[in-house]
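> Next up is a structure, given as structure tokens.
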Amino acid sequence: RFCGDKVPEPLVSTDSRLWVEFRSSSSTLGKGFFAVYEATCGGDITKDAGQIQSPNYPDDYRPSKECVWRITVSDGFHVGLTFQAFEIERHDSCAYDYLEIRDGPTEESALIGHFCGYDKPDDVKSSSSRLWMKFVSDGSINKAGFAANFFKEVDECSWPDHGGCEQRCVNTLGSYSCACDPGYELAADKKTCEVACGGFITKLNGTITSPGWPKEYPTNKNCVWQVVAPTQYRISLQFEVFELEGNDVCKYDFVEVRSGLSPDAKLHGKFCGSETPEVITSQNNNIRVEFKSDNTISKRGFRAHFFSDKDECVKDNGGCQHECVNTFGSYLCRCRNGYRLHENGHDCKEAGCAHKISSAEGTLASPNWPDKYPSRRECTWNISSTAGHRVKL
1 RFCGDKVPEP LVSTDSRLWV EFRSSSSTLG KGFFAVYEAT CGGDITKDAG QIQSPNYPDD
61 YRPSKECVWR ITVSDGFHVG LTFQAFEIER HDSCAYDYLE IRDGPTEESA LIGHFCGYDK
121 PDDVKSSSSR LWMKFVSDGS INKAGFAANF FKEVDECSWP DHGGCEQRCV NTLGSYSCAC
181 DPGYELAADK KTCEVACGGF ITKLNGTITS PGWPKEYPTN KNCVWQVVAP TQYRISLQFE
241 VFELEGNDVC KYDFVEVRSG LSPDAKLHGK FCGSETPEVI TSQNNNIRVE FKSDNTISKR
301 GFRAHFFSDK DECVKDNGGC QHECVNTFGS YLCRCRNGYR LHENGHDCKE AGCAHKISSA
361 EGTLASPNWP DKYPSRRECT WNISSTAGHR VKL
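Shown next as structure tokens:
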């Protein structure tokens with residue numbers, strides 16, 4: 001706003017429009033003013049926010065133009081620059097039309113980038129309160145050009161309270177966000193951190209603990225661990241410590257274990273209270289462990305170890321002629337009734353069919369049960385019980 005008899009300095013708009021208003025009172029009259037305007041580009045801009053556009057934007061820019069902008073914001077701040085539109089003649093090395101941005105007030109300042117084509121450049125942040133920009137077009141192909149907003153950028157993470165972040169502060173253009181150290185995750189307020197839980201695990205062996213272990217787990221937690229082993233492996237889960245709120249119903253806090261990764265996979269069990277679950281072995285090469293706590297009572301939680309073991313019985317029955325039994329770290333072959341294991345540990349051969357039994361209880365079966373018995377066999381079972389007892393078959 002100007003008045004008096006001092007001639008204002010030349011003015012340059014920040015985009016393609018300029019608004020001028022003149023007002024006079026009803027008393028004092030003056031000679032007035034006379035001004036000359038012209039369409040130009042570039043210039044020195046000293047303000048905390050505005051917009052920069054290529055000449056004639058949003059229409060195509062003119063050929064053979066060179067525009068230089070020198071942007072200065074308030075001391076102690078950085079210049080932030082974001083692009084709303086960008087369409088400049090494309091070339092692999094931007095040899096024809098281009099936008100050049102430098103980190104400082106002059107053409108000798110550090111180069112931030114040399115841009116052309118149709119992809120908007122990433123957001124720009126200067127290291128000081130000044131930014132230098134130059135737009136150049138050659139004498140041939142013209143495009144729509146660009147439009148960009150600039151503003152003063154503050155690093156909230158440099159404040160004494162680190163933006164209110166409990167652990168880590170990450171500055172972004174025009175804003176900031178909080179982050180957490182490994183093993184923690186952002187709480188609902190997006191500033192404080194709490195112990196993380198759950199995840200996708202591909203290690204063969206490891207340990208899973210409730211959040212906050214060995215302290216009491218927090219309320220309102222829902223953690224899912226998905227453990228995946230290589231094909232032909234099985235995963236065993238063994239709880240070392242187990243202490244959750246609840247009883248047999250398990251409707252408050254609980255641990256749920258399933259064979260598979262989906263929430264509707266085969267359920268092995270839903271556990272709560274203080275009784276340690278038995279060892280659980282998956283039916284395939286993955287297992288899902290889910291922990292949930294409600295909004296009231298918290299306990300110590302749990303600590304569990306998982307082990308991956310190759311199931312040799314999956315492929316070709318482990319080479320066993322009859323039955324293959326997987327064991328942790330190995331496997332063994334078994335034969336049906338009426339057969340015994342060959343010395344090679346895999347094949348089965350016919351056994352004698354005369355049996356002497358002295359155990360108090362047991363089972364009898366025809367040879368090769370439950371498959372068909374062989375021909376030309378005669379078998380006897382001689383069962384002897386304790387004196388004074390009879391045998392019930």
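Okay, so the sequence shown: first residue is 1 according to the UniProt record's numbering, each after it adds one. Ideal Cβ placement from N, Cα and C applies to all residues, glycine included. As the structure is a prediction and not an experimental result, all values here were calculated from the model.
(1) Rounding to the nearest angstrom, what Cα-Cα distance links T363 and K270 in this structure?
(2) Look at the alpha carbon of Y57 and the alpha carbon of I45, and state the distance between them as a whole number of angstroms.
(3) Over what stretch of residues does the beta strand (DSSP E) that includes Q321 continue unbroken?
(4) Going by DSSP, what residue range makes up the beta strand (DSSP E) through D44?
(5) If you draw a straight line from the alpha carbon of residue 399 to that of L29, how long is it in whole angstroms?
(6) Got a sec? Which residues, its chain only, sit under 7 Å from K120 by beta carbon, not counting five neighbours each side?
(7) Using 10 angstroms around the beta-carbon of Q53, count the other beta-carbons present and answer buried if the total reaches 16, otherwise exposed.
(8) Would you mind sorting E312 into buried or exposed? The rule is 16 or more other CB atoms within 10 Å of its CB.
(9) Whole angstroms are fine: how far does the CA of E290 sit from the CA of T327?
(10) For C94 and V20, I'd like the C-alpha separation in whole angstroms.
(11) Considering Cα atoms alone, identify which of K31, V12, S27, S74 is closest to D38.
(12) Per DSSP, F307 is paired with what?
(13) For my contact list, F135 and K31 are in at a C-beta cut-off of 8 Å; report their separation, rounded to the angstrom.
(14) Could you spell out where the beta strand (DSSP E) holding L99 opens and where it closes?
(15) Which whole-angstrom value describes the C-beta separation of C41 and P63, a residue pair presumed to lie in contact below a C-beta threshold of 8 Å?
(16) Buried or exposed: where does Y98 fall if 16 or more other Cβ atoms within 10 Å of its Cβ makes it buried?
(17) So, for Y252: in the same chain, excluding its five sequence neighbours on each side, which residues have a beta-carbon less than 6 Å away from its beta-carbon?
(18) Using DSSP's beta-bridge definition, name the partner residues of F86.
A quick look at the data gives this:
(1) The count along the sequence shown starts at 1 and reaches residue 363 at position 363. The count along the sequence shown starts at 1 and reaches residue 270 at position 270. Between T363 and K270, the C-alpha separation is close to 34 Å.
(2) One-based indexing of the sequence shown puts residue 57 at position 57. One-based indexing of the sequence shown puts residue 45 at position 45. About 18 Å.
(3) In the sequence shown, the residue the question calls residue 321 occupies position 321. Element bounds for Q321: n/a, residue is neither H nor E.
(4) Within the sequence shown, numbered from 1, the residue matching residue 44 stands at position 44. 43 to 46 is the extent of the beta strand (DSSP E) around D44.
(5) Only positions 1 to 393 of the chain appear in this structure, which leaves residue 399 out of reach.
(6) Working through the sequence shown from its first residue, we reach residue 120 at position 120. If we look at K120 and ignore the five residues flanking it on each side, its Cβ neighbours are F83, F86.
(7) Taking the first residue of the sequence shown as position 1, residue 53 is located at position 53. Q53 should be labelled buried.
(8) Here residue 312 refers to the residue found at position 312 of the sequence shown. Label assigned to E312: buried.
(9) If you number the sequence shown from 1, residue 327 lands on position 327. If you number the sequence shown from 1, residue 290 lands on position 290. Approximately 26 Å, taken between the alpha carbons.
(10) For the purposes of this step, residue 94 is taken as residue 94 along the sequence shown, with counting starting at 1. For the purposes of this step, residue 20 is taken as residue 20 along the sequence shown, with counting starting at 1. Computed Cα separation, rounded: 38 Å.
(11) If you number the sequence shown from 1, residue 38 lands on position 38. Per the sequence shown, the amino acid found at residue 38 is Glu instead of Asp. The candidate whose alpha carbon is nearest that of E38 is V12.
(12) Start at 1 with the first residue of the sequence shown, and residue 307 comes out as number 307. F307 pairs with N205, S236.
(13) Sequence index remark: in the sequence shown, residue 135 carries index 135 (1-based). Sequence index remark: in the sequence shown, residue 31 carries index 31 (1-based). The pair is not a contact, with the Cβ atoms about 39 Å apart (cut-off 8 Å).
(14) Taking the first residue of the sequence shown as 1, we reach residue 99 at position 99. From DSSP, the beta strand (DSSP E) with L99 extends over 98 to 103.
(15) Mapped onto the sequence shown, residue 41 falls at position 41. Mapped onto the sequence shown, residue 63 falls at position 63. The Cβ separation is near 13 Å, so there is no contact.
(16) Residue numbering aside, residue 98 sits at position 98 when the sequence shown is read from its first letter. Per the 10 Å Cβ criterion, buried.
(17) Position 252 of the sequence shown, counting from 1, holds the residue named residue 252. Counting only Cβ-Cβ distances below 6 Å, and skipping sequence neighbours, we find E245, G246, D294.
(18) The residue you call residue 86 lines up with position 86 of the sequence shown. DSSP lists F146 as partners of F86.
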